[in-house]
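Student:
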Amino acid sequence: MNAPLPTPPTEILSFLDPFGFGRAAFDYWRDAVERSVLYMDVMRERGNQYLEHIEKTKPNVLGFDAEVVMDGRDLSRPVNYELMRILPPADVEVDLQARPFVVVDPRAGHGPGIGGFKPDSEIGVALRAGHPCYFIGFLPYPEPGQTVEDVVEAEITFLRRVIELHPESCEKPMVVGNCQAGWQIMMAASLEPDCFGPILIAGAPLSYWAGERGKAPMRYTGGMTGGSWMTTLASDLGDGLFDGALLVQNFERLNPANTWWDKQYRLYANVDTEAERYLNFERWWGGHVVLGGEEIQYIVDNLFVGNRLSTAQLVTSDGRRIDLRNVRSPVVVFCSQGDDITPPPQALGWVRDLYEDTDDIIASEQTIVYCVHDTTGHLGIFVSGSVSRKEHAEFTANIDYIDVLPPGLYETTVTSAKERDDAELLERDYLLEFKARSIEGLNRDVLHHREDDDRRFATVARLSEINLGLYRLFLQPWIRAVNTPEAARLIRRMHPIRLGYKLLSDRNPLSVPLPVLADWVRHDRHPVGEDNLLRTLELAASQQISHGLDTWREIRDQSIEHLFLTLYGQPLLQAMVGLGGDAHVHRRQPGSEPEHRRFLERRQDELRQRVAEGGIHEAVMRSVIHVLGGAPTTDERNFKRLRASRAELEPASSLSDFKHLVREQFFILKLDRDAALAAIPQLLAEERGETIRASLEHIDHVLAASGELSEHARKRYEHIQQLFGEALERVDPELHRQALTELHDEVAIGAKAEATARNEVSKLLETNDPAASAKTAASRSTARSVDPEEQGRSGDATGRTTTRKAAPRRTRKR
176 MNAPLPTPPT EILSFLDPFG FGRAAFDYWR DAVERSVLYM DVMRERGNQY LEHIEKTKPN
236 VLGFDAEVVM DGRDLSRPVN YELMRILPPA DVEVDLQARP FVVVDPRAGH GPGIGGFKPD
296 SEIGVALRAG HPCYFIGFLP YPEPGQTVED VVEAEITFLR RVIELHPESC EKPMVVGNCQ
356 AGWQIMMAAS LEPDCFGPIL IAGAPLSYWA GERGKAPMRY TGGMTGGSWM TTLASDLGDG
416 LFDGALLVQN FERLNPANTW WDKQYRLYAN VDTEAERYLN FERWWGGHVV LGGEEIQYIV
476 DNLFVGNRLS TAQLVTSDGR RIDLRNVRSP VVVFCSQGDD ITPPPQALGW VRDLYEDTDD
536 IIASEQTIVY CVHDTTGHLG IFVSGSVSRK EHAEFTANID YIDVLPPGLY ETTVTSAKER
596 DDAELLERDY LLEFKARSIE GLNRDVLHHR EDDDRRFATV ARLSEINLGL YRLFLQPWIR
656 AVNTPEAARL IRRMHPIRLG YKLLSDRNPL SVPLPVLADW VRHDRHPVGE DNLLRTLELA
716 ASQQISHGLD TWREIRDQSI EHLFLTLYGQ PLLQAMVGLG GDAHVHRRQP GSEPEHRRFL
776 ERRQDELRQR VAEGGIHEAV MRSVIHVLGG APTTDERNFK RLRASRAELE PASSLSDFKH
836 LVREQFFILK LDRDAALAAI PQLLAEERGE TIRASLEHID HVLAASGELS EHARKRYEHI
896 QQLFGEALER VDPELHRQAL TELHDEVAIG AKAEATARNE VSKLLETNDP AASAKTAASR
956 STARSVDPEE QGRSGDATGR TTTRKAAPRR TRKR
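Take 176 as the starting number for the sequence shown in the working numbering and just add one per residue.
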């Protein structure tokens with residue numbers, strides 16, 4: 176086959192173009208033409224792929240084989256959702272006794288499957304960890320009369336079915352909800368908390384008024400359109416159906432540089448290598464679905480504009496209150512600073528909306544863990560391969576530890592083993608650490624809440640109700656009268672996003688020569704090097720176009736924000752909609768029910784009576800919780816050692832028994848720490864001396880798993896040692912004296928080893944640096960002037976720390 180663009184001989188080109196400018200221009204021109212042909216052919220393939228995808232009865236982009244377990248259309252209240260079992264690949268082995276994983280995909284304009292889009296995904300990570308996996312997806316069109324409540328009830332039914340399918344597993348399923356599915360899962364968990372294990376919500380908005388100024392442009396959309404009447408209008412034009420392409424269009428408008436230039440130029444510039452990745456993503460991005468008009472209206476009125484979910488103001492049709500404080504499973508919130516669709520304040524603002532402080536969280540027996548990524552975008556939270564291999568893999572590996580975490584608010588961070596000094600203590604490439612946080616700290620570091628913004632959004636909510644009422648009174652009857660189902664289908668087909676796919680497909684006669692030309696180019700491709708001057712200028716021009724679009728976006732967003740704050744901040748407008756300039760009636764934290772307060776009082780009375788009840792297991796767990804409560808962070812290593820030791824002592828105990836023990840001892844310490852600690856010798860009163868010593872060694876073994884103790888935790892541990900010593904002295908005074916002698920010897924050995932090490936370091940410094948000699952002498956003089964009591968305490972602490980490294984304990988027989 177002849178080359179599409181014949182090239183003159185090299186000798187003639189060198190004679191005519193001695194400096195190579197002409198050849199560089201010709202090479203670039205030829206490469207640009209070839210890339211243009213290949214680019215247009217990829218766009219043709221994209222159009223064909225789109226048409227093939229939407230013609231399927233059950234389209235999805237799952238990268239794994241699956242079988243349908245339950246069809247939501249067969250339920251008493253039919254929905255277009257279905258429960259599927261993921262069939263593991265041939266090289267993956269699943270443990271049927273492991274905790275099942277259920278991934279729920281978002282229904283926000285796109286089709287299902289993004290949670291299992293590729294091997295490095297949420298489903299892929301769970302499968303490799305040996306967990307049975309299930310997927311809750313949906314069909315392109317809703318069932319007639321389908322509501323949000325119907326979908327929530329269907330998901331509860333699906334989870335009950337998963338529990339029935341795994342009677343050999345004693346743990347409840349872990350449920351992962353991405354984006355829109357996150358708030359839907361939280362609604363279901365608040366209604367039926369017993370069906371859920373730990374819950375991971377990734378990029379899910381739960382507090383829709385929250386956001387930091389200058390970083391959350393989407394939250395102003397409802398106010399700039401005058402409320403939810405535009406949603407009703409779109410549903411009326413769709414004959415009772417809301418086109419998901421409208422939601423996708425809103426997402427694309429958030430980042431015009433990526434939508435209009437970067438994504439397409441990235442394909443054009445790297446068309447030889449980027450085509451497959453581009454087509455795989457477009458298969459999901461272009462798979463638009465349809466929502467029911469009643470569904471989307473409920474979502475916009477109650478969530479996006481009304482913000483009723485995070486303030487416990489939602490009530491089901493049968494009178495049940497949807498209160499997120501009823502969720503009893505640990506909730507892991509995963510969000511990112513780079514997410515402009517669900518910024519961290521919208522993912523975490525519900526915590527502040529519902530609770531006054533962490534004591535309120537603990538009183539509700541809730542465990543809330545949050546992780547804030549620094550850079551990844553909205554889709555990257557549940558699509559990015561690097562995020563799946565790091566964050567999602569750590570969440571999966573630590574899910575049992577998260578399940579037994581005491582109630583409270585925790586921030587978790589993922590650090591690489593290569594960046595840590597204690598890398599030898601880690602089993603994997605990353606470590607997930609947990610740090611207790613307060614709501615004040617959360618508000619300061621993440622939420623940046625402003626009361627005056629609440630007043631503005633409350634004004635929007637009131638104005639939305641007024642405008643919706645006016646629309647339904649004056650316009651809706653006329654629009655419904657003139658619109659027909661055929662007109663609604665034509666409007667959906669003519670949407671600009673859909674046309675962009677259809678016009679560049681084989682259905683367009685002008686695309687007939689494209690595959691022939693593309694094959695011709697691929698047969699004799701002449702890519703230009705990156706050092707080509709014109710290719711460099713092309714890249715510079717592309718960056719300028721992208722920066723220009725970003726600048727326009729920033730100006731647009733700032734203008735919209737300024738207009739919104741000015742318009743809805745007017746006291747006159749606030750008074751006219753019935754607020755009187757005071758929005759606290761809309762944003763006050765929901766009070767607890769009298770039944771719940773009485774339950775807490777009874778629970779506290781029970782715990783007070785059980786402070787001195789129990790035995791060795793209660794004493795050990797109470798001690799470990801007390802010591803780790805003084806550490807700045809905790810991680811899975813202590814938990815694994817403690818659980819492994821308990822499994823040796825009580826092989827029949829399950830994770831739920833372990834969780835019950837942890838939480839009960841935590842609440843006893845929280846209720847009256849002094850009394851709980853003072854009761855430890857009483858808990859050990861019936862035990863033999865060897866058992867008490869073995870338990871103390873066991874505690875030391877557990878605490879040593881995460882390295883050296885902090886100063887505060889070390890002091891707490893010394894107190895625990897004294898309490899165990901008291902119990903040991905009551906049972907066996909001779910054994911107690913022997914233990915004290917051994918402890919004194921260990922401290923002395925550690926202090927001697929530390930002094931020797933310091934002398935060696937000082938001699939080395941004096942030998943290598945005369946200036947350091949004077950500094951060392953000064954430090955010695957200062958050390959001699961320290962208060963003796965303080966010096967003794969610090970030497971004692973250092974001795975224990977050094978002992979763990981230089982002179983470990985002797986192994987004692989139990």
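Ideal Cβ positions, reconstructed from N, Cα and C, are used throughout, including at glycine.
(1) Whose C-beta lies closer than 8 Å to the C-beta of L489 among residues of the same chain, with five residues either side of it excluded?
(2) With a threshold of 9 Å between beta carbons, is R731 in contact with chain C?
(3) How is D604 classed by DSSP in three states: helix, strand or coil?
(4) Three-state secondary structure (DSSP) at Y383?
(5) Counting along the chain, where does the alpha helix (DSSP H) carrying I666 start and finish?
(6) Okay, do the region 300-320 and the region 362-373 touch, 3+ Cβ pairs below 8 Å being the bar?
(7) List the residues that DSSP assigns as beta-bridge partners of L416.
(8) Any chance the region 436-446 sits against the region 202-214, with 3 or more Cβ pairs inside 8 Å?
(9) What are the boundary residues of the beta strand (DSSP E) that includes H548?
(10) Which residue marks the beginning of the alpha helix (DSSP H) containing V371, and which one marks its end?
(11) For I895, which of P807, R905, M796 has the nearest alpha-carbon?
(12) Count the other CB atoms, across all protein chains shown, that sit within 10 Å of the CB of N353; report buried if there are 16 or more and exposed otherwise.
(13) Tell me the rounded alpha-carbon separation between D514 and G357.
(14) Can you name, in chain order, every residue of its own chain whose Cβ lies under 6 Å from the Cβ of P184, other than the five neighbours on each side?
(15) Quick one: grab the DSSP three-state call for N353.
(16) Tell me, please, which residues DSSP counts as bridged to L489.
(17) What are the residues that DSSP puts in a beta bridge with R260?
(18) Measure from the alpha carbon of E343 to the alpha carbon of each residue in L648, A364, P275, then state which is nearest.
(19) Comparing C-alpha positions only, which one of R728, L754, Y605 sits nearest to E594?
(20) Counting only the same chain and skipping the five closest in sequence on each side, list residues whose C-beta sits under 7 Å from that of G159.
(21) Where do the ends of the beta strand (DSSP E) carrying Y585 lie?
(22) Report all residues from its chain with a CB closer than 8 Å to the CB of E470; omit the five preceding and five following residues, and keep chain order.
(23) Comparing alpha-carbon positions, which option in R619, I261, K565 lies nearest E387?
(24) Work out the CA separation of L408 and Q521 for me, nearest whole Å.
(25) Report back the beta-carbon spacing between I311 and L258 to the nearest angstrom; my notes put them in contact at under 8 Å.
(26) Looking at the unbroken beta strand (DSSP E) that takes in V993, where does it start and where does it end?
(27) Pick helix, strand or coil for S798, following the three-state DSSP scheme.
(28) Using only the alpha-carbon positions, how far apart do T999 and L648 sit?
(29) Short of 7 Å in beta carbon distance, which residues of its chain neighbour F194, apart from the five on each side in sequence? Order them along the chain.
(30) Rounded to the nearest angstrom, how far is the Cβ of P348 from that of I338, given a contact under 8 Å?
(31) In whole angstroms, what is the alpha-carbon distance linking V752 and F632?
(32) Quick one, which of R838, I376, S798 has its alpha-carbon nearest I556's?
(33) When the Cα atoms are used, what is the spatial distance from N487 to R210?
(34) What's the call for P234, buried or exposed, on a 16-neighbour Cβ count within 10 Å?
(35) Looking at S563: is its Cβ nearer than 9 Å to the Cβ of D295?
(36) From which residue to which residue does the beta strand (DSSP E) around M511 run?
Tutor: Result, derived from the coordinates:
(1) M362, N477, R483, R496, I497
(2) Among the chains in the structure shown there is no chain C, since it carries only a single protein chain.
(3) coil
(4) coil
(5) 660-668
(6) no
(7) G467
(8) yes
(9) 542-548
(10) According to the sequence shown, residue 371 is Phe rather than Val. That residue, F371, is in no alpha helix (DSSP H); it is neither H nor E in DSSP.
(11) M796
(12) buried
(13) 15 Å
(14) none
(15) strand
(16) I497
(17) E242, Y309
(18) P275
(19) Y605
(20) Residue 159 falls outside the range modelled here, since the chain spans only 176 to 989, and no answer is possible.
(21) 583-591
(22) P317, Q321, T322, V323, V326, F417
(23) R619
(24) 27 Å
(25) 6 Å
(26) No statement about residue 993 is possible, as the shown extent of the chain runs from 176 to 989 and does not include it.
(27) helix
(28) Given that the chain is displayed from residue 176 to residue 989, the structure contains no residue 999 and the question cannot be resolved.
(29) none
(30) 7 Å
(31) 12 Å
(32) I376
(33) Reading off the sequence shown, one finds Ala at residue 487, where the question assumed Asn. Answer to the nearest angstrom: the Cα atoms are 55 Å apart.
(34) buried
(35) yes
(36) Checking the displayed sequence, the identity of residue 511 turns out to be Ser instead of Met. Counting along the chain, the beta strand (DSSP E) containing S511 begins and ends at 506-511.
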